[in-house]
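Counting from 1, one number per residue, gives the positions in the sequence shown under full-length UniProt numbering.
To start, the structure under review is shown below, and the notes come after it.
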Amino acid sequence: LAVACFDLSQFIQYHPAGRVIVTDLKAKERVMKLMNHENTEVTKSALLCIQRLFLGAKYASFLQA
């Protein structure tokens, strides 16, 4: 799950329409649920993904995994 969240955040950052595609697939709700996961790595990756989703690639490029 952590790898999937990280991959989604990379997709959002590097694909020109990444935010739109992820939003259309309703992935935001699924990733938000993972922010309460018992595994800290999953929680960290989910938080990074949501940050990039909200901020977009232009403003979230400084975020590191």
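Beta carbons: idealized from backbone N, C-alpha and C, even for Gly.
Note that the structure is a prediction, hence the values are computed from the model and not measured.
Whole angstroms is fine: what's the gap from residue i's alpha carbon to residue j's?
i: THR23; j: LEU55; result: 13 Å
i: ILE12; j: HIS37; result: 22 Å
i: MET35; j: ALA2; result: 10 Å
i: GLU41; j: GLN10; result: 16 Å
With H, G and I counted as helix, E and B as strand and the rest as coil, what does DSSP make of residue i?
i: ALA4; result: helix
i: LEU34; result: helix
i: LYS26; result: coil
Taking the alpha-carbon of residue i as reference, which of the options has the nearest alpha-carbon?
i: GLU29; options: ASN39, ILE50, ALA2; result: ILE50
Let me know if residue i comes out buried or exposed under the rule of 16 or more other beta-carbons within 10 Å of its beta-carbon.
i: VAL31; result: buried
i: LYS33; result: exposed
i: LEU8; result: buried
Among the residues of its own chain, which have a CB less than 6 Å from the CB of residue i, if the five just before and after it don't count?
i: ALA46; result: CYS5, VAL31, LEU34, MET35
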